[in-house]
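Chemist:
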DNA sequence: AAATATATTTAGACACCTCTAAATATATTT
DNA sequence: AAATATATTTAGAGGTGTCTAAATATATTT
């Protein structure tokens with residue numbers, strides 16, 4: 460398998476390559492990796508030897524499909540570990556990164572498969588980023604209205620439809636805000652009202668409310 | 460902190476130093492580490508520079524208290540991860556080692572403290588070896604008779620007092636053997652009979668039986 | 001105690017990954 | 001389009017951790 464350093468480079472290239480479809484510059488990579496441009500050039504050559512990236516001098520690097528796959532699997536591991544740390548080991552959002560950064564390099568197919576199962580196949584990490592599946596597919600978590608979600612699901616608030624002052628004040632009063640974790644406990648068939656919990660407090664909301672809050676499902 | 464290689468050497472020295480109180484030979488270390496004697500000599504010099512071991516040429520190495528402490532903490536981590544893998548992630552005895560070997564090098568005080576708590580402070584790993592505490596103390600797990608243990612505890616069978624053929628046949632018939640995990644569910648005050656479970660099967664045993672089985676408690 | 005066998009260390013080299021300083025290519029100004 | 005600035009690569013070197021082959025020390029035989 461790949462070395463720790465190689466894996467970190469692959470991951471960094473993946474993150475930087477996201478937006479543009481063109482190569483990642485040596486300088487950008489150097490900054491991301493907190494190293495010198497010359498070191499980057501050296502490493503890129505090695506990655507290129509192994510067909511993990513395609514590289515033309517002075518033109519930047521792109522991940523090959525082999526390289527992209529490796530990067531995505533590391534990201535999958537990183538995000539699953541983050542879920543574990545936050546959900547099971549009482550880590551807070553800001554504490555997880557450093558440790559997940561180490562855990563993501565552990566090599567064991569079985570470990571990660573069992574961890575995924577243990578965590579009940581979460582779809583996103585504690586920061587709301589999607590967790591790639593075993594085949595490397597990254598679901599674009601779709602934004603749904605809260606009233607479309609079934610009971611038992613856990614969601615993250617990502618936006619609102621109604622942006623009137625009235626509604627925003629209502630949300631504020633009830634502790635509903637961007638990034639808040641909303642768990643759906645019950646849905647009343649009769650009037651489609653919902654019993655949800657936010658910050659361990661229960662709250663009943665009408666359909667009028669639930670149909671104006673955008674969320675992404677976490678599981 | 461120490462490098463991966465350094466940590467592995469410290470651990471190996473610790474394991475080899477156990478029996479005799481004298482230094483560990485270069486060759487023994489080389490075999491344990493699956494490397495060459497010359498590499499060992501090189502590394503020993505570096506460890507000696509860092510005061511992790513005391514070393515006299517041709518006389519072998521001994522861990523300093525600093526080195527011993529580091530080694531014990533790695534072992535603590537290794538064994539806690541083994542418990543996690545077996546108890547929570549459906550790993551079997553023989554599968555855990557390789558993965559724990561990697562996980563033991565993760566650096567995070569909080570991680571290991573929370574993991575310990577999450578696992579409910581286990582006293583031994585799945586192989587029955589004791590888990591050192593945060594201060595580096597390694598409890599010598601005492602061998603007790605099963606009838607001395609309180610309900611709720613999980614134990615490992617480590618021996619028998621009565622060695623008659625009759626008794627051994629009884630044990631065999633009921634799936635009680637060395638290394639088996641025995642969980643104590645109830646203890647009847649009246650006759651001191653016990654309800655235990657082995658391999659997920661329940662079994663009621665009399666005091667006559669429980670007072671002839673040696674166990675070590677796992678928690 | 002000398003001869004032989006075994007254990008250990010030293011010397012020199014190599015792979016991986018990093019660095020600084022210098023050289024070269026590309027981009028931007030004028 | 002020449003001059004300047006910026007980005008990138010090359011050259012040479014260092015640290016870590018490994019190796020082989022040779023030298024040296026310790027242990028065992030005779």
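Protein chains in written order, with our numbering: chain W, 460 to 678; chain F, 460 to 678.
C-beta: ideal position from N, C-alpha, C; glycine also.
Which residues in chain W have a C-beta closer than 7 Å to the C-beta of residue 547 of chain F? List them in chain order.
Modeler: Within chain W, the residues near residue 547 of chain F are 577.
Chemist: Cα-Cα, which of W/620, W/606, W/550 is closest to residue 586 of chain W?
Modeler: Nearest of W/620, W/606, W/550 to residue 586 of chain W, Cα basis: W/550.
Chemist: Determine the burial state of residue 497 of chain F: buried for a count of at least 16 other Cβ atoms within 10 Å of its Cβ, exposed for fewer.
Modeler: That one is exposed.
Chemist: Is it right to say residue 485 of chain W is buried, meaning 16 or more other beta carbons lie within 10 angstroms of its own, or is it exposed?
Modeler: Label assigned to residue 485 of chain W: buried.
Chemist: Does any residue of chain W bring its CB to less than 8 Å from the CB of residue 565 of chain F?
Modeler: Taking Cβ atoms only, chain W reaches closer than 8 Å to residue 565 of chain F, which makes this a yes.
Chemist: I'd like the span of the alpha helix (DSSP H) that includes residue 576 of chain F, first residue to last.
Modeler: Where residue 576 of chain F is concerned, the enclosing alpha helix (DSSP H) stretches over 568-577.
Chemist: In chain W, what lies closer than 7 Å to residue 542 of chain F by C-beta?
Modeler: What residue 542 of chain F touches in chain W: nothing, since even the nearest Cβ is about 14 Å away.
Chemist: Name the chain W residues that come within less than 7 Å of residue 561 of chain F, Cβ to Cβ?
Modeler: Here the neighbours are 565, 566.
Chemist: Give, in chain order, every unbroken run of the alpha helix (DSSP H) that is at least 4 residues long and sits entirely within the segment 483-537 of chain F.
Modeler: Taking only runs of at least 4 residues, the alpha helix (DSSP H) segments lying wholly in the segment 483-537 of chain F are 485-492, 496-508.
Chemist: Counting contacts by CB-CB distance shorter than 8 Å, is residue 536 of chain W in contact with chain F?
Modeler: No - not a single Cβ of chain F is within 8 Å of the one on residue 536 of chain W.
Chemist: Spell out the partners DSSP gives residue 653 of chain F in its beta bridges.
Modeler: Beta-bridge pairing links residue 653 of chain F to F/646, F/664.
Chemist: Going by C-alpha to C-alpha distance, which of F/645, F/522, F/654, F/648 sits closest to residue 663 of chain F?
Modeler: Nearest of F/645, F/522, F/654, F/648 to residue 663 of chain F, Cα basis: F/654.
Chemist: May I ask you to list, following chain order, the residues of the segment 464-495 of chain W that have a beta carbon less than 7 Å from some beta carbon of chain F?
Modeler: Going along the segment 464-495 of chain W in chain order, one finds no residue with a Cβ nearer than 7 Å to chain F.
Chemist: Can you tell me whether DSSP reads residue 590 of chain W as helix, strand or coil?
Modeler: Of the three classes helix, strand and coil, the one that applies to residue 590 of chain W here is coil, per DSSP.
Chemist: What would DSSP say about residue 673 of chain F, mapped onto helix, strand or coil?
Modeler: Reduced to three states, the DSSP call for residue 673 of chain F is strand.
Chemist: Pull up the DSSP beta-bridge partners for residue 638 of chain F, would you.
Modeler: Residue 638 of chain F is not bridged to any residue.
Chemist: Could you pull the start and end residues of the beta strand (DSSP E) that residue 614 of chain F belongs to?
Modeler: Looking at the DSSP string, the run of the beta strand (DSSP E) that includes residue 614 of chain F is 613-619.
Chemist: On a Cα-Cα basis, can you pick out the residue from W/462, W/483, W/543 that is closest to residue 472 of chain W?
Modeler: Of the listed residues, the one whose Cα sits closest to residue 472 of chain W is W/483.
Chemist: Which word fits residue 529 of chain F, buried or exposed, when buried means at least 16 other C-beta atoms lie within 10 angstroms of its C-beta?
Modeler: Its Cβ being crowded by 16 or more others within 10 Å, residue 529 of chain F is buried.
Chemist: When you compare each of F/666, F/557, F/565, F/576 to residue 567 of chain W by their alpha carbons, which one comes out closest?
Modeler: Of F/666, F/557, F/565, F/576, the residue nearest in Cα terms is F/557.
Chemist: Pull up the DSSP beta-bridge partners for residue 460 of chain F, would you.
Modeler: Paired residues: none, contrary to the question.
Chemist: Less than 8 Å between CB atoms is the rule here; does residue 593 of chain W satisfy it with respect to chain F?
Modeler: By this cut-off, residue 593 of chain W is not an interface position.
Chemist: So the alpha helix (DSSP H) residue 548 of chain W belongs to, where does it begin and stop?
Modeler: Counting along the chain, residue 548 of chain W falls outside any alpha helix (DSSP H), and DSSP gives it neither H nor E.
Chemist: Tell me where the alpha helix (DSSP H) around residue 625 of chain F begins and ends.
Modeler: Looking at the DSSP string, the run of the alpha helix (DSSP H) that includes residue 625 of chain F is 624-632.
Chemist: Distance check for residue 524 of chain W and residue 509 of chain W, CA to CA, integer angstroms please.
Modeler: When rounded, the distance between both Cα atoms is 12 Å.
Chemist: Is there a C-beta anywhere in chain W that falls below 8 Å from the one on residue 539 of chain F?
Modeler: No, residue 539 of chain F lies away from the interface with chain W (no Cβ there is under 8 Å from its Cβ).
Chemist: Assign residue 540 of chain W to buried or exposed, taking buried as 16 or more other Cβ atoms, counted over all protein chains shown, within 10 Å of its Cβ.
Modeler: The residue is buried, with at least 16 neighbouring Cβ atoms inside 10 Å.
Chemist: Name, please, each residue of chain W whose Cβ falls closer than 9 Å to the Cβ of residue 558 of chain F.
Modeler: In chain order: 565, 566, 567, 569, 570.
Chemist: Distance cutoff 8 Å, beta carbons only. Does residue 627 of chain F sit that close to anything in chain W?
Modeler: For residue 627 of chain F, the answer is no, since every Cβ of chain W falls outside 8 Å of its Cβ.
Chemist: Could you work out which residues of chain F lie near residue 554 of chain W, taking near to mean beta carbons separated by less than 8 Å?
Modeler: Going along chain F in sequence order, the residues near residue 554 of chain W (Cβ under 8 Å) are 569.
Chemist: I'd like to know if residue 573 of chain W contacts chain F, where contact means its C-beta is closer than 8 Å to some C-beta of that chain.
Modeler: So, interface residue.
Chemist: Who are the near neighbours of residue 476 of chain W in its chain, counting only those whose CB is closer than 7 Å to its CB and skipping five residues on each side?
Modeler: Once the five neighbours on either side are set aside, the close Cβ partners of residue 476 of chain W are 483, 521, 522.
Chemist: Does the segment 602-619 of chain F touch the segment 662-676 of chain F, meaning 3 or more C-beta pairs lie closer than 8 Å?
Modeler: With the cut-off at 8 Å, the segment 662-676 of chain F and the segment 602-619 of chain F touch.
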